[in-house]
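Protein chains: 2
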Amino acid sequence: MTPAIKSIFKSISPFTEEELNFLEPYIKPVVLRKNETLIAEGQICKHIFLVEQGCLRNFYNNDGSDVNLNFTMEGQFFTSFESYANREPSKIIIQAMEKSLVWIINSRAFPKEHEYYTTFSTFIRRLFIRLLLTTEEHHNMMRMNTPAERYEYILKNKPEMIQRIPLTHVASYIGITRETLSRIRSNSY
Amino acid sequence: MTPAIKSIFKSISPFTEEELNFLEPYIKPVVLRKNETLIAEGQICKHIFLVEQGCLRNFYNNDGSDVNLNFTMEGQFFTSFESYANREPSKIIIQAMEKSLVWIINSRAFPKEHEYYTTFSTFIRRLFIRLLLTTEEHHNMMRMNTPAERYEYILKNKPEMIQRIPLTHVASYIGITRETLSRIRSNSY
DNA sequence: CGGGAGTTGTGATATATATCAAAAAATACT
DNA sequence: AGTATTTTTTGATATATATCACAACTCCCG
Chain A
1 MTPAIKSIFK SISPFTEEEL NFLEPYIKPV VLRKNETLIA EGQICKHIFL VEQGCLRNFY
61 NNDGSDVNLN FTMEGQFFTS FESYANREPS KIIIQAMEKS LVWIINSRAF PKEHEYYTTF
121 STFIRRLFIR LLLTTEEHHN MMRMNTPAER YEYILKNKPE MIQRIPLTHV ASYIGITRET
181 LSRIRSNSY
Chain B
1 MTPAIKSIFK SISPFTEEEL NFLEPYIKPV VLRKNETLIA EGQICKHIFL VEQGCLRNFY
61 NNDGSDVNLN FTMEGQFFTS FESYANREPS KIIIQAMEKS LVWIINSRAF PKEHEYYTTF
121 STFIRRLFIR LLLTTEEHHN MMRMNTPAER YEYILKNKPE MIQRIPLTHV ASYIGITRET
181 LSRIRSNSY
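Here the protein sequences come in this chain order: A and B. Under the UniProt record's numbering, the first residue of the first sequence carries the number 1, and numbering increases by one thereafter. Under the UniProt record's numbering, the first residue of the second sequence carries the number 1, and numbering increases by one thereafter.
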């Protein structure tokens, strides 16, 4: 567990140094190549993940075409929530968009009887609330705004997304075709 | 706490009879008249609610026009999640569509040190997961389907909604105008 | 029981965005 | 560096749904 990762954990819940050390065995790093799949469609997602370096894409497949739900970058957590919570096959696919370093949190293996369990479960609860508020915010944004406004919103609130992620994927993230996004950007609309 | 309410609680988490009795002081019924507002825009939502009788509507206002997010009926829980979780003013308005009997759960007042706290907090966690999976399911359904398919989905999976809720509101719930819904129903599309 | 508000249906028209097609630009690969 | 692949842009056209206007129906409530 690198210092950077420790401080990300601390930013969610006030862990002591001992508690973080105790977490060590439940956390493992993995390196993903560009376009490598972390969670495939139909697979059961049993972990929560944290990006140390790189960029991941959460999306589902709607007869043939991708629908992007989220992009996760440095310092952010993610999972296939429905699959994780209900222990059912994931509808969501998770893929690295670049070569990425990801930490796998084996949250289910944490011993329930341990004295640190309360701290840990508070952490997990907060994580979930964060994840779900993020998706809810995105959905509301989608429903309240026109395509052009949605693009403006991303530009203003998530500018790193425009710099780093191919516009084709951004377009699907804001629910329009890449052609329409291109026209919005060139001010045709 | 009526037997019906007790059994709804038990369906979420395995409460003992004593635990349910202990909950009593944290739960209060309220009767709402038709169109009465339970949570106004800007108000901080501090409770979780359970419908015993009637029907409630969660919606927000997008310059002048309502956008319906959810309808809650007998046996279902609801809250303004963002407001509750972040203790911030609610963007969502909650209103009774009919005369309704609603139980107010004062979850924040439950004593943290009490021996029943673990059971109670598991219950709350499960409730939240349910609520959030419901909204996520709805959002995904909206993104995957055409207006006609969305109507078919409601007809198949939530038929009571069509029977009980004015079509104007259902239309906004599935993200179309009432005219378009009317045409879908008459098979013009 | 009758009038008025609220709800639903129908028609005509406008418009935003998808779709199809292909060129141009950027990026990755050997 | 030079070719191949991917990404973005531009253009022409189609189409679904919104919008506007108003008629028909439903159902409370006095």
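C-beta: ideal position from N, C-alpha, C; glycine also. In this text the structure is predicted, and so the values were computed from the model without any measurement.
Residue i vs residue j beta-carbon contact at 8 Å
i              : j              : result
R143 (chain A) : G42 (chain B)  : no
Q95 (chain B)  : T37 (chain B)  : yes
F15 (chain B)  : T119 (chain B) : yes
L132 (chain B) : L167 (chain A) : no
T122 (chain A) : S11 (chain A)  : no
V170 (chain B) : S100 (chain B) : no
I129 (chain A) : A85 (chain B)  : yes
R87 (chain A)  : R125 (chain B) : no
H139 (chain A) : H139 (chain B) : yes
Reduced DSSP secondary structure (H/G/I, E/B, other) of residue i
i              : result
M141 (chain A) : helix
Q163 (chain B) : helix
Y151 (chain A) : helix
N70 (chain B)  : strand
N62 (chain A)  : strand
I5 (chain A)   : helix
S90 (chain A)  : coil
K34 (chain A)  : coil
I174 (chain B) : coil
K46 (chain A)  : coil
F22 (chain A)  : helix
F78 (chain A)  : strand
K156 (chain B) : helix
K28 (chain A)  : strand
L169 (chain B) : Leu is not the amino acid found at residue 169 (chain B); the sequence shown has His there. It is helical.
S13 (chain B)  : coil
F128 (chain A) : helix
T146 (chain B) : coil
F120 (chain A) : helix
S186 (chain B) : coil
E113 (chain B) : coil
Under 7 Å by beta carbon: chain A residues contacting residue i
i              : result
E82 (chain B)  : L133, E136
H139 (chain B) : H139
R125 (chain B) : R125
Beta-carbon contacts of residue i that lie in its chain and below 7 Å, excluding the five residues immediately before and after
i              : result
E24 (chain B)  : M1
Q163 (chain A) : none
M141 (chain B) : R150, Y153
V30 (chain A)  : V102, I104
S172 (chain A) : D66, V67, N68
M161 (chain B) : F71, I154, V170
I8 (chain A)   : L50, G75
L127 (chain B) : I12, I48, F77
T177 (chain B) : A171
N145 (chain A) : Y153
Interface residues of chain A facing residue i [CB-CB closer than 8 Å]
i              : result
V67 (chain B)  : R143, M144
R185 (chain B) : Result: empty, since nearest Cβ-Cβ is about 22 Å, beyond 8 Å.
Close-in-space but distant-in-sequence residues of the same chain around residue i (CB under 6 Å, 5 per side omitted)
i                     : result
E98 (chain B)         : K34, G54, C55
K6 (chain B)          : L20
Y117 (chain B)        : none
residue 227 (chain B) : Residue 227 (chain B) lies beyond the residue range present for chain B, which begins at 1 and ends at 189; the question has no answer from this structure.
F22 (chain B)         : Y116
Bridge partner(s) assigned by DSSP for residue i
i              : result
L56 (chain A)  : A:T72, A:A96
L101 (chain A) : A:V31, A:Q53
I39 (chain B)  : B:I94
Where residue i meets chain B, residues with beta-carbon distance less than 7 Å
i              : result
N61 (chain A)  : Correct list: empty, because the minimum Cβ distance to chain B is about 10 Å.
I129 (chain A) : A85
Cut-off 8 Å between Cβ atoms - residues of its own chain near residue i, not counting five sequence neighbours on either side
i             : result
Y60 (chain A) : E41, D66, V67, L69, K91, I92, I93
Y26 (chain A) : I105, N106, S107, A109, F110
S83 (chain A) : I39, Q43, I44, C45, P89, S90, K91, I92
Listed by chain order, chain B residues near residue i by CB distance under 9 Å
i              : result
R108 (chain A) : Within 9 Å Cβ-Cβ: nothing; R108 (chain A) doesn't reach chain B, min ~14 Å.
Within chain B, the residues that residue i reaches when beta carbons sit closer than 8 Å
i              : result
G175 (chain A) : R143
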